[in-house]
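Let me begin by presenting the structure, written as structure tokens, before commenting on it.
Number of protein chains: 2
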Amino acid sequence: MQDAAVADYTNAALDTRLACRREDITGHTAGLAPGYLQGNLCIVDKEFATDFAAFCQRNPKPCPLIGMSAVGDTNLPDLGDIDIRTDIPRYRVFENGVCVDEPTDIRDRWTDSMVAFVLGCSFSFEAPLLDAGIPMHHIESDTTVPMYRTNIDCVPAGRFSGKMVTSMRMMTPADAIRSIQITSRFPNVHGAPIHFGMPEKIGVADIMKPDYGDPPSIVRDDLVPVFWACGVTPQSVVLNAKLPLCITHMPGSMLVTDKANTDLAVM
Amino acid sequence: MQDAAVADYTNAALDTRLACRREDITGHTAGLAPGYLQGNLCIVDKEFATDFAAFCQRNPKPCPLIGMSAVGDTNLPDLGDIDIRTDIPRYRVFENGVCVDEPTDIRDRWTDSMVAFVLGCSFSFEAPLLDAGIPMHHIESDTTVPMYRTNIDCVPAGRFSGKMVTSMRMMTPADAIRSIQITSRFPNVHGAPIHFGMPEKIGVADIMKPDYGDPPSIVRDDLVPVFWACGVTPQSVVLNAKLPLCITHMPGSMLVTDKANTDLAVM
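Chains as they are written, first to last, in my numbering: chain L, 4 to 270; chain S, 4 to 270.
Here it is, written out as structure tokens:
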């Protein structure tokens with residue numbers, strides 16, 4: 004797949020989705036179709052979709068909405084030739100907040116009253132940070148970025164409410180300043196950090212004990228923790244809402260879109 | 004003067020300079036002609052001017068050049084109707100690195116071989132920070148911003164070399180992030196900070212003992228020190244070079260130009 008992507012870069016995103024559709028890809032999408040925007044998935048019934056849309060609109064840093072289907076429509080034409088029921092490597096199906104299945108397609112579960120939401124993810128801003136020579140320690144150590152529940156309340160909407168989840172990257176102050184400049188250009192993929200240093204001020208008691216992902220691989224006294232709003236927030240909020248049915252992507256197994264990450268730069 | 008400036012805002016900068024020329028204003032320019040760009044002055048002989056221009060070019064964060072006269076020319080037409088010999092409230096004259104006079108005009112000292120450099124100053128970015136609701140504690144306490152010599156070497160040029168001087172403002176992390184975004188728009192008035200937190204990493208041993216200005220008026224455990232490259236750097240470097248003659252403005256008594264601070268925003 005990756006060789007093919009290199010050979011015909013313009014079709015790398017579609018090729019990846021087709022391989023997912025064929026179930027040739029059922030795992031992580033990290034590193035696939037480099038340069039293309041990848042997104043988080045959240046599918047809810049139309050009964051809850053308007054409130055969830057409002058929740059995203061009110062909390063753009065953790066929940067940057069980059070795509071939304073019409074009711075019952077499995078296509079997302081603005082993001083590419085997509086069948087949302089098959090084009091993600093692996094899904095998670097939640098009933099009343101409990102995961103009941105992790106299928107590779109959801110054609111048998113899709114109904115005409117479902118609405119798919121695609122949310123930006125930090126994969127998109129890590130590429131320009133790496134391009135700027137800023138180390139991403141979790142990538143170097145092949146671990147998942149550490150993520151923490153904070154004490155920061157999201158703005159609620161209907162039954163959706165909860166605390167913001169953040170991802171954290173350790174950096175020198177100089178790299179943190181440059182990262183703030185770079186990620187400010189990408190408000191649709193979480194944008195600038197929401198905090199740095201002093202983890203206790205946002206309710207993070209122990210930086211070595213993330214709530215999701217792996218502990219930081221490098222902690223040094225010349226590095227500060229820099230916290231970005233994280234796409235795990237909407238998943239956490241949706242699960243807390245204990246909807247009768249909700250379908251998400253498997254963490255790390257994202258929707259690969261035809262949009263370039265650079266398309267999202269606001270300047 | 005300030006009433007007149009309010010009454011006819013379009014001439015506030017020129018009115019201020021004319022009052023300096025008449026010696027009606029001989030002190031600080033803080034708060035005069037609000038919105039207009041103020042600059043630091045450094046006058047050297049043409050023998051040293053090219054190297055000083057190169058020093059500024061190589062060190063744009065501490066030495067952002069916003070104006071430069073032709074050799075022997077007392078006018079800076081791109082910055083307004085300016086006579087650089089009279090239009091600053093008070094000057095300092097240095098011979099071999101030693102201050103020998105603090106006159107209110109320098110007509111008797113100006114020669115045909117002199118070159119005037121005008122450098123951006125942090126007054127310009129403090130206005131948009133205040134507009135963003137970010138407290139400037141030194142302004143609230145009516146003190147001078149604390150400034151520190153760092154262990155960061157400027158890039159040398161000819162006989163000009165030395166350590167970078169920084170100004171420091173205490174902020175919450177959230178305000179620091181917003182400040183980085185805002186000041187990044189103003190690369191010609193020092194731009195983004197060069198460091199935050201961990202003062203010892205840039206050679207600042209005791210934050211309560213600045214090398215210039217007043218100690219910080221507020222230090223709390225929810226605030227971090229944020230350091231910007233400072234316009235005192237070129238003065239320090241020029242004095243270290245022990246030129247036979249060098250003329251600067253009196254700290255705080257700046258050149259008020261016809262340019263708006265907002266003209267300097269790069270986006």
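The beta-carbon is built from N, C-alpha and C at its ideal position, and this holds for glycine as well. Since the model is a prediction, treat every value here as computed from it, not as a measurement.
The straight-line gap separating the alpha-carbon atoms of Arg-112 of chain L and Gly-75 of chain L is approximately 12 Å. Identification of chain L residues near Gly-200 of chain S by a Cβ-Cβ cut-off of 7 Å yields Pro-176, Gly-200, Val-227, ordered along the chain. At a cut-off of 8 Å, the C-beta of Ser-72 of chain L has no neighbouring C-beta in chain S.
Among the CB atoms of chain L, one or more fall inside 8 Å of the CB of Ala-195 of chain S.
With 16 or more other Cβ atoms from the protein chains shown falling within 10 Å of its own Cβ, Lys-64 of chain L counts as buried. In this structure, the beta-carbon distance from Asn-243 of chain L to Ile-205 of chain L does not fall below 8 Å. Closest in C-alpha terms to Trp-231 of chain L, from the list L:Met-171, L:Cys-59, L:Ala-130, L:Gln-184, comes L:Met-171. Around the CB of Lys-166 of chain L, 16 or more other CB atoms lie within 10 Å, so the residue is classed as buried.
For the pair Asp-54 of chain L and Phe-163 of chain L, the CB atoms are nearer than the 8 Å cut-off. Looking at L:Gly-234, L:Leu-246, L:Val-269, the one whose alpha-carbon comes closest to that of Met-257 of chain L is L:Gly-234. Met-253 of chain S counts as buried, since no fewer than 16 other beta carbons sit within 10 angstroms of its beta carbon. Taking each of S:Tyr-94, S:Thr-265, S:Arg-181, S:Val-103 in turn and checking the Cα distance to Ala-119 of chain S, the smallest one comes out for S:Tyr-94.
8 Å or more divides the Cβ of Pro-196 of chain L from the Cβ of Val-158 of chain L. Within chain L, the residues whose beta carbon sits less than 7 Å from that of Ser-187 of chain S are Gln-184, listed in sequence order. Close partners of Met-270 of chain L in chain S (Cβ separation under 9 Å): Met-270. Here Ala-57 of chain L is not near Gly-216 of chain L, since their CB atoms are 8 Å or more apart.
Contact between the stretch 95-111 of chain S and the stretch 126-142 of chain S is absent: fewer than three C-beta pairs spanning the two stretches fall below 8 Å. Counting other Cβ atoms within 10 Å of its Cβ, Gln-60 of chain L stays below 16 and is therefore classed as exposed. Lys-204 of chain L reaches chain S at Asp-225, counting residues in chain order whose Cβ is nearer than 7 Å.
For the pair Thr-32 of chain L and Pro-92 of chain L, the CB atoms are nearer than the 8 Å cut-off. A distance below 6 Å between beta-carbons, with the five flanking residues on each side excluded, links Val-168 of chain S to the following residues of its chain, in chain order: Met-150, Arg-152, Cys-233, Val-235, Thr-236, Ser-239.
The Cβ-Cβ distance between Val-227 of chain L and Ala-179 of chain L falls below 8 Å. In this structure, S:Met-139 is the residue among S:Ala-36, S:Gly-70, S:Met-139 with its C-alpha nearest to the C-alpha of Met-173 of chain S.
In this chain, the beta strand (DSSP E) harbouring Asp-261 of chain S covers 258-263.
Ser-170 of chain S has S:Met-150, S:Trp-231 as its beta-bridge partners, per DSSP.
Counted as a single uninterrupted DSSP element, the alpha helix (DSSP H) harbouring His-140 of chain L occupies residues 140-143.
Rounded to the nearest whole angstrom, the CA to CA distance from Ala-135 of chain S to Asn-14 of chain S is 26 Å.
When the beta-carbon positions are compared, Ile-137 of chain L and Gln-184 of chain S stay at least 8 Å from each other.
Contact annotation for Ile-137 of chain S against chain L: no contact, minimum CB-CB distance about 14 Å [criterion: below 8 Å]. Scanning L:Lys-245, L:Arg-188, L:Pro-202 for the CA closest to the CA of Ala-177 of chain S turns up L:Pro-202. Thr-53 of chain S: not part of any beta strand (DSSP E); member of the alpha helix (DSSP H) spanning 49-61, first to last residue. For Asp-266 of chain S, the closest of S:Gly-100, S:Asn-78, S:Gly-123 by C-alpha to C-alpha distance is S:Gly-123. Contacts with chain S at 8 Å (Cβ-Cβ) do not include Ile-210 of chain L.
With distances taken between CA atoms, Val-148 of chain L lies nearest to L:Pro-213 out of L:Asp-156, L:Leu-68, L:Pro-213. For Asp-111 of chain L, there is no enclosing beta strand (DSSP E), as DSSP marks it with neither H nor E.
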